[in-house]
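Working notes, beginning with the structure itself.
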Amino acid sequence: MAKNDLTVFITRRESHCDECGADLGRHAWITLQEEKGALCLACADLDHLIFLPAGDAALTRRSRKYSTLVAVVLEWSRTRKRYERQGLLVEEAALHQAEAECLADADARARRRERAAIRRAELDQQYMAQFAQRVRELYPDCPPGREQEIAEHACRKYSGLVGRSAAAKALDAEAIYLAVQAHIRHHETNYDELLMQGTDRWLARDMVADDVRDVLYTWRGGR
Numbered sequence: 000m001a002k003n004d005l006t007v008f009i010t011r012r013e014s015h016c017d018e019c020g021a022d023l024g025r026h027a028w029i030t031l032q033e034e035k036g037a038l039c040l041a042c043a044d045l046d047h048l049i050f051l052p053a054g055d056a057a058l059t060r061r062s063r064k065y066s067t068l069v070a071v072v073l074e075w076s077r078t079r080k081r082y083e084r085q086g087l088l089v090e091e092a093a094l095h096q097a098e099a100e101c102l103a104d105a106d107a108r109a110r111r112r113e114r115a116a117i118r119r120a121e122l123d124q125q126y127m128a129q130f131a132q133r134v135r136e137l138y139p140d141c142p143p144g145r146e147q148e149i150a151e152h153a154c155r156k157y158s159g160l161v162g163r164s165a166a167a168k169a170l171d172a173e174a175i176y177l178a179v180q181a182h183i184r185h186h187e188t189n190y191d192e193l194l195m196q197g198t199d200r201w202l203a204r205d206m207v208a209d210d211v212r213d214v215l216y217t218w219r220g221g222r
């Protein structure tokens, strides 16, 4: 609260205005002036202001900036034994201007997030294309389109698959080999059938190892 801020208190006891004599009841909004005592908002010339609850820092900051007249609203906390800020009283036009700017900022942030998401998608597509191209370079005789299947599977986000590793992102031959090997194991052998039959994963891999090796040799062009 700034040093020269006007202050409005929300009362807990029965109150009245010392200027107009109005009975304000409990939870009245009053200002305190030494020479006049407690004043209702009308007598304090604050009744034209709009209450802005605390909670939105950006809206509060902007409303305070644009409002010529500002009053801080306080209420006594029995638990904490102190007055606590409830919000501000600000001019309606200032609040509207502040709300418009905050909405514009929210739209701008949303647009930035959208652009960033598009950029990430573009980069992922570029990476997958490079990954697929590298598969084709290292395994030139793999069936048409398989390089794309391997790349899409290996590079899937959040999968923890080999294609998301640093080595794969550098298009390291060993990382590409692991991705191709896994594809062959699942698509060119009976590995998945063995797993469905309850065969231990490592035993199943041993059982199909020769078949995987043969396909790798063929896809490499007999190299």
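Numbering-wise, numbering that gives the first Met the number 0 puts 69 at position 70 of the sequence shown, and it's gapless, one number per residue. Here a beta-carbon is modelled for each residue, glycine too, at the ideal position from N, C-alpha and C. Since this is a predicted model, take the numbers as computed values, not measurements.
By the Cβ criterion, the region 31 to 43 is not in contact with the region 53 to 67, since fewer than three pairs of Cβ atoms, one from each stretch, lie closer than 8 Å.
Nearest to P139 by alpha-carbon distance, out of Y216, A181, D46 and A43, is Y216. Apart from sequence neighbours up to five positions away, the residues of its chain that approach L73 with a beta-carbon distance below 8 Å are T6, V7, F8, I9, Y82, E83, R84 and Q85, ordered along the chain. For Y82, there is no enclosing alpha helix (DSSP H); the residue is found in the beta strand (DSSP E) stretching over R81 to V89. For G36, DSSP records a beta bridge to Q32. Just measuring C-alpha positions, the residue of L38, A203 and Y176 sitting nearest V214 is Y176.
DSSP places E187 outside any beta strand (DSSP E), giving it a letter other than H or E.
Nearest Cα to S62 within the set E98, D44 and R77: E98. Here R184 has Y190, R204, V207 and V211 as same chain residues with Cβ atoms under 8 Å from its own Cβ, once five neighbours each way along the sequence are excluded.
The region 17 to 24 and the region 34 to 50 touch, with three or more beta-carbon pairs separated by less than 8 Å. As the crow flies, the alpha-carbon of V71 is around 6 Å from that of L88. Using a Cβ distance threshold of 9 Å, L45 and L51 do not count as a contacting pair. Annotation: the continuous alpha helix (DSSP H) that includes V214 extends over R200 to W218.
In this chain, L73 is not harboured by any alpha helix (DSSP H); it is covered by the beta strand (DSSP E) spanning A70 to S76. From the listed residues L202, A109, Q147 and C141, the smallest Cα separation to Q125 is found for Q147. Non-local beta-carbon contacts of D104 in its own chain, meaning distances under 8 Å to residues more than five positions away in sequence, involve A57 in chain order. Cβ-Cβ distances below 7 Å link P142 to nothing in the same chain once the five nearest sequence neighbours on each side are left out. Spatial neighbours of T198 in its own chain (CB-CB distance under 8 Å, excluding positions within 5 residues in sequence) are listed in chain order as M206.
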